[in-house]
Every structure is written in C-alpha cells, then in structure tokens.
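Listed in order, the protein sequences are those of chains A and B. Residues are numbered in the numbering used here as their position in the first sequence, beginning at 1, plus a constant of 758. Residues are numbered in the numbering used here as their position in the second sequence, beginning at 1, plus a constant of 758. Data block below; observations after.
2 protein chains.
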Amino acid sequence: MTKTPAGHSEADPASRPRRVTASDVAKQAGVSRSAVSRAFDPNAYLDRHKREIILKTAVKLGYRPNALAASLQGMRSNLVGVIIGDMTNQYDAEFAAMLLSRLNAANKWPLLVGGSMPVTEEAIMAVLGYPLDAMIVRGGSLDAHLFDDCAKLNIPLIFSGRIVDAPFADCVCCRNAEGTAQAVDLLLRSGHKGLGYIGGPGTWSSDRERLSGVTSTLAQNGLSLVGQVQSDFSYEGGAQAAASLLADDRVDGLICANDAMALGALSYVRNHTSKTVPDDVAIVGFDDVSLASWPDFNLTTVRNPLGTMIDEVLRLLEARLADPMRLSETVMINPILKERGTH
Amino acid sequence: MTKTPAGHSEADPASRPRRVTASDVAKQAGVSRSAVSRAFDPNAYLDRHKREIILKTAVKLGYRPNALAASLQGMRSNLVGVIIGDMTNQYDAEFAAMLLSRLNAANKWPLLVGGSMPVTEEAIMAVLGYPLDAMIVRGGSLDAHLFDDCAKLNIPLIFSGRIVDAPFADCVCCRNAEGTAQAVDLLLRSGHKGLGYIGGPGTWSSDRERLSGVTSTLAQNGLSLVGQVQSDFSYEGGAQAAASLLADDRVDGLICANDAMALGALSYVRNHTSKTVPDDVAIVGFDDVSLASWPDFNLTTVRNPLGTMIDEVLRLLEARLADPMRLSETVMINPILKERGTH
DNA sequence: CTGAAAGCGCTTACAG
DNA sequence: CTGAAAGCGCTTACAG
C-alpha cells in the first residue's frame, strides 16, 4: 500500500493527514522546489510557461504556501492579535465587527482573545506564542507587565479607548471629558439642573474621564452632582442605578457613561415610575450604538465615532509596521453630541 | 557596535526587530539549544536545576517558543479559522462572542474572517494559507468549492446553522421548521389566524426551513399565509415588511424569521399604526437574542439555544481533532418557544 | 539526563 | 531563467 502525498485516502487512519507542500507540487509538475516558490512570487523570474504549469498543478493539488513557514523567512506573518474583553457590550461588539472586517480587507488576520469572558493573562501569553505583527487592545484593564512582554517580543501595541504611555505603543482615544461636558451643557440648557451620574466601575481611565467632564462642567456653573452611582456598563445595571438615583426627588437628569446603561435607565423610568422622559427626567448616554437611534429609544447621546476610531487604528497600525521605530503617537478623537428625544 | 540579540536598541532602525529565540536563551543560560526546548515540555527529562535556570533566563529575555515553528514539527497549530459573515446581526454577534471565548478557554485561537462585510472568497483563501487545525463556519452562504479546498488541505470543517453533506464535515443546526411550527401553533391558539410571514432573502437553507414550518403548520389547520415578504434580517427591514404586510387588514399575526426583524415590526406597529400588540397584531420572532427579553420589547420568540449550539460545536471540534477520519456527524438542536408579551 | 543532528515547509541569495 | 543549498525557529529521535 503506497502512501499518496498528503492524501488521507491511503494514509494511516489514526495519523493526522499532512498538508500539501511545495515539494509535492514540484514533484508532480516535474520542476524544482525553488521554481514552485517563485511561481507564487509575481516579481520572481520564471519562465512563463513553467509558471503556468506550476500554478495549474498547485490548484489541482490544492496547494497553498504555508504562511507560517514563510514567516520564518522574515516575511510578515500578517497575524494581528486583537484583545476585546467583552463583546457582550453593544459598542464593543460593533467595534469588533468593524475592526475585524477592516483588518481582513487590509490582509491582516485577527487572532482574537476575549469575547464574552474576562481576558485571562494566560490567554494573552498563549497568543503571544504566535509571531504577531502587532497587537490591538480595546479598552479594558490590562496588566502593565503585558507591555514588557510585548516589548521583549517586539510586538507593537495599539490601544483603542485608553491612553498608555509606552515606547512603540500607539493610542487612539475619545476626548471623554469633552463629551460628557457637552452632555451636561445640553441638560443645563434644557432646564435640568438636578443631575445624577451613572458611571462604570471606575477602573478604566475613560470611565474616570467621563465623570470628570461632568463634575467640572457642573462646577463651572456653580453646581454639583446630586447623585452618583458606580454601575457595570450593562442595561440591567443602568436600570438599577436609575432606581436608586431617582429615589432622590431632586434628580431630573441622568448622565450615563454608556448607552447600555442609559437604555436601562430609560426603560426603568418608563416602566417603573410615573415620570416622563424628557420632561421629568432627561437621560443622556455615551457611544451612540445603533440601538440608540431606534425609534423605540431615540436616545440623546454622545457619539464616540466608531468609523473614525477604526480608521485611526488602521492608520496607526500601517504606520507602525512601515516604521517600527517611529515615535509613539496618540490620536484624540472628538465626540459628537447627538440630540434626540431624551433631553 | 555590537548587535544585541533581538534587541531594538542597537539594531538597524530601519529593519524589523527579531523575536527572541531558543538559541538566544541557550547562549545566555549556557546550555544547549535542545535543553531549552525540553525546559518547555513538562514531560521531557531535564535536570531540575537546569530547567529552573533556563526558565528564569527565558522570562528575563521574554522568550516564548514560536508556536508556528513548533507547528512545522507536526504539533497542532491550535489555530482555528472562524467565518462569521455579519456580526452586525445581534444573534451572530452573541454567537461570535461566546464561541470566541470558549475557543480561547480550550486553548484554540480563532482566526476571524468576516465581521461587518460579506466574506470574500479571497479572504477565505488567504486564511487557508495558515496551517489551521479546523475551520468553523457560521450560517451564511459559501461557495461549494471551498469544501474542496479545505478537503485538499486536510482542514476539517464544522458548520453551525446549516447542514452540509461532505466528508469530514460536521454540522450543528437548529430544527428550524419545528420552531416556526410551534410559533404558528401558539398564534393559532391565541386566536390569530391571519398570519403574515417576514422572511430572509431565502438563500440560506435555515431561512427556507423556517418558512416551510409556517406553511405546513398552517396547511395542517386548513389555513394558508395571508401575506409574505422576503426581507433582510434587519430591524429596518422588519419595520418595512410589517408596513407592507399590515396594509392588508386581514393580517393579525406576524411570524418573523429572526428577532431583529420582529423587533422592527413591533416598533412599526407601535409607532406608526393605531393597532395594539398583541390584541390587534401578534408578533413572534426567532433566536431569542438578549434584547428580546428587555421589558421594552418583551418579545415572544423561538429560542435558538446559543449555549447548546456552541457546546456542540466545541464537542464536534474536539472529536474531529481526536479522530480526523471519523464519520461526519450532524447534531440537530430543538428550539424552545419563549412565550412573552407579544402573542 | 544530554548534545549534535535531522527535518518541518518555506524563501532567497548564490552560482551558474 | 534556474537548481542546489543555506537558514528561519522549532521538536524529537538518536546515540551517548
């Protein structure tokens, strides 16, 4: 019983079948191994006819160069690590969807860490075992010594949603304080002065910035927050937070650190109180997820411009790959107030 | 000027910096290259003291074995291709989030193709250049010759949301017709007999199955669909479809091929008609995305059990990796009717 | 327990 | 234009 190259038909059933290799193609096409390599490099010198034959037998055999073996020769792996903690969060899910397809379009292949569970350090370490061209980190908390690990492995880092000061690390971030400042201004103008704030856990800088935009703007107007609760960025959390804040009758406006919580708050007011939005209580979110503009919610919010954010991430990525030694760059993005029906 | 191993400090600024290698560690630790390899294999024989030293200098240098070089030796790459067309779709986004983190937990690293744009064949071809352990395909359409390509490369395929009959390809799928049949039964029992159906584009088998569950159940009751429109699985599409269907006064119930369209339909009825839900019009969705249970919607729907689906995908994956030659397996999952407020 | 050596699949000077 | 050869970083028999 002869073994067919890379075929599973006659191979040992227990053993893992092999991938077709350049040698297989070379043998089959009656050319040298080098010729096969050259056939896949448009710029390489190779007899036109020979190239044709090689490409044809490659298709027949289902051969494609193993990108990883190629990466050992100093070629880029085109693998990009992407760390996204919680895609359960609407905004992060939208971010992920767009980022991933944009990476694909740029011939970069995202290796994803995260999803619906908190990202473990083990997971990051494991993915660092691959020769990543770069690593993109969305929001969240991340142990500082990850930076060291990446630096030692010469894997550039690109952060979105937080600012990190490290060599060879680039950042793109929203001007969070400015966004919530605009939201406060808006509520003040529409006559809401008893403001409550629904924040996140406060562990991320973006979260703290959003809060500071609120407090400083109020201070400028001789006011201060009537109430404030730390929640968890979820719809349910927002509803609960609204319940506790609205127990205080002075509260007539809710600023929320993201849309999910704002939506939860809105739902709470509608379904569990006799107050109306926006007359009795105004609500403003942050992010502008697609849900926010649904007529069911029509939520006034601060837009955290997704497209711009991702454009910049990709630009930074290309720039870093083109010049690994360039100075770190941080891009600040202006949020945009979207006035809809809840203020 | 001496070159530090893998350091960027003294390297040529233009050149791409190197990764630390096992040789670097061996040199630094004063041991053989093989010893370094062995230090990372818990089962390998190696002097305890020596292993300690090696591991310590590995940490110092930031070394980790290049998983790709290892995969050339016949080790698994632990790379799994994941094709998800449109994560903009709520259910697919939830599916992606859960699948990706479950893969991480199983020490598999998802290489993602797709996101928010249609998946191009080029993208799939490109990702096939990596030595994938397997490929997971979620829903959607996919050219048949992809199967050939994967088969030739010996990359097993696992499908979720559609059934494909190919050697070495496993599937997990919802009993779609059964789900919509239950939905129709429910509406019939609650006195809604003038049913309209809002479907998808009809290009996927799951879509067609859902429709057939509706029509056959109606037929069993001596009834037939009053109206039917092909839409696009989106919220906006659902709203439009509802508008056109409800122009016919006989329609008092809407069965939708997914939740997004059902939510759009619900919103249309509430905001653009004088009808009430569920008395004048009942609405049933399919999937049971997290939004469906929000009090804002409280949508009656057919649950397409995400957790079970993904459990099975992972089980099938492990089984296939353990025995590449095993017979194809197809797992059918029972949908569960969730009775809420819109019927 | 250990090091030298072969080999995984690839690219790329090198010498025709 | 072309093939033989070196080398990428790794694992794993092989022979001590």
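For glycine and all other residues, C-beta sits at the position ideal for the given N, C-alpha and C. Values in this document were obtained by computation on a predicted structure and should not be read as measured data.
How is residue i classed by DSSP in three states: helix, strand or coil?
i: Phe917(A); result: strand
i: Thr1066(A); result: helix
i: Val838(B); result: strand
i: Leu1003(B); result: helix
i: Ala1040(A); result: strand
i: Val778(B); result: coil
i: Arg968(B); result: helix
i: Pro771(A); result: Annotation note: pLDDT 35 at Pro771(A) (below 50); position unreliable, no value reported.
i: Met1083(A); result: coil
i: Asp1010(B); result: coil
i: Thr762(A); result: Confidence at Thr762(A) is low in this model, with a pLDDT of 35, below 50, so the placement of that residue is unreliable and no value is reported for it.
i: Leu1095(A); result: strand
i: Thr973(B); result: helix
i: Val1089(B); result: strand
i: Val987(B); result: strand
i: Gly1022(A); result: helix
i: Leu981(A); result: coil
i: Asp1017(B); result: helix
i: Leu1057(B); result: coil
i: Gly995(A); result: helix
With distances taken between CB atoms, is the gap from residue i to residue j smaller than 8 Å?
i: Thr1105(B); j: Asp943(B); result: Within the shown structure, residues of chain B are numbered from 759 to 1101, placing residue 1105(B) beyond reach of any answer.
i: Val838(B); j: Pro868(B); result: yes
i: Pro959(A); j: Asp990(A); result: yes
i: Thr1088(A); j: Cys908(A); result: no
i: Arg834(B); j: Asp891(B); result: yes
i: Ile1094(B); j: Arg1061(B); result: yes
i: Lys808(B); j: Val789(B); result: yes
i: Leu826(B); j: Leu826(A); result: yes
i: Leu870(B); j: Ile894(B); result: no
i: Gly980(A); j: Met1019(A); result: no
i: Ser874(B); j: Asp844(B); result: yes
i: Arg860(B); j: Leu1072(B); result: yes
i: Gly937(B); j: Phe1044(B); result: yes
i: Pro1053(A); j: Asn847(B); result: no
i: Leu813(B); j: Ala797(B); result: yes
i: Leu911(A); j: Leu946(A); result: no
i: Phe926(B); j: Ser1086(B); result: yes
i: Thr1031(B); j: Leu1004(B); result: yes
i: Asn862(B); j: Ala855(A); result: no
i: Leu804(B); j: Ala793(B); result: yes
i: Ser948(A); j: His1101(A); result: yes
i: Phe905(B); j: Ala924(B); result: yes
i: Gly971(A); j: Ala999(A); result: no
Rounded to the nearest angstrom, how far is the Cβ of residue i from that of residue j, given a contact under 8 Å?
i: Ala747(B); j: Ile811(B); result: For chain B, the structure presents residues 759 to 1101; residue 747(B) sits outside this window and is missing.
i: Glu967(A); j: Asn934(A); result: 4 Å
i: Asn836(B); j: Asn865(B); result: 6 Å
i: Val840(B); j: Leu857(B); result: 7 Å
i: Ser982(B); j: Arg920(B); result: Not a contact, Cβ separation roughly 27 Å.
i: Ala784(B); j: Arg776(B); result: Their Cβ separation, rounded to whole angstroms, is 15 Å, which puts Ala784(B) and Arg776(B) out of contact at 8 Å.
i: Ser795(B); j: Pro889(B); result: No, Ser795(B) and Pro889(B) are not in contact; Cβ-Cβ is about 20 Å, not under 8 Å.
Tell me whether residue i, by its Cβ, gets closer than 7 Å to a heavy atom of the ligand FMN.
i: Lys951(B); result: Looking for the ligand FMN in the displayed structure turns up nothing, as the structure carries no ligands at all.
Review point. What are the uninterrupted segments assigned as alpha helix (DSSP H) that are 4 or more residues long and contained completely in the stretch 865-944 of chain B, given in chain order?
Key: The DSSP assignment places complete alpha helix (DSSP H) segments of no fewer than 4 residues inside the stretch 865-944 of chain B at 879-885 and 903-910, in order along the chain.
Check your understanding: Do three or more CB pairs link the stretch 913-921 of chain A to the stretch 1068-1084 of chain A at distances below 8 Å?
Key -> Yes: at least three Cβ pairs fall under 8 Å.
Review point. Are the stretch 1020-1040 of chain B and the stretch 1052-1070 of chain B touching by the rule of at least three beta carbon pairs closer than 8 Å?
Key: In short, these stretches touch, since the Cβ pair count reaches three.
Review point. Just checking, does the stretch 947-962 of chain B make contact with the stretch 986-1001 of chain B on the three C-beta pairs under 8 Å criterion?
Key: Flag = yes, the stretch 947-962 of chain B and the stretch 986-1001 of chain B touch.
Check your understanding: Pairing CB atoms from the stretch 1003-1011 of chain A with CB atoms from the stretch 1037-1051 of chain A, are three or more of them under 8 Å?
Key -> In this structure the stretch 1003-1011 of chain A touches the stretch 1037-1051 of chain A; the number of beta carbon pairs closer than 8 Å is three or more.
Exercise for review: Entirely within the stretch 804-853 of chain A and at least 3 residues each: give me those beta strand (DSSP E) ranges in chain order.
Suggested key: DSSP runs (the beta strand (DSSP E)) wholly in the stretch 804-853 of chain A: 837-844.
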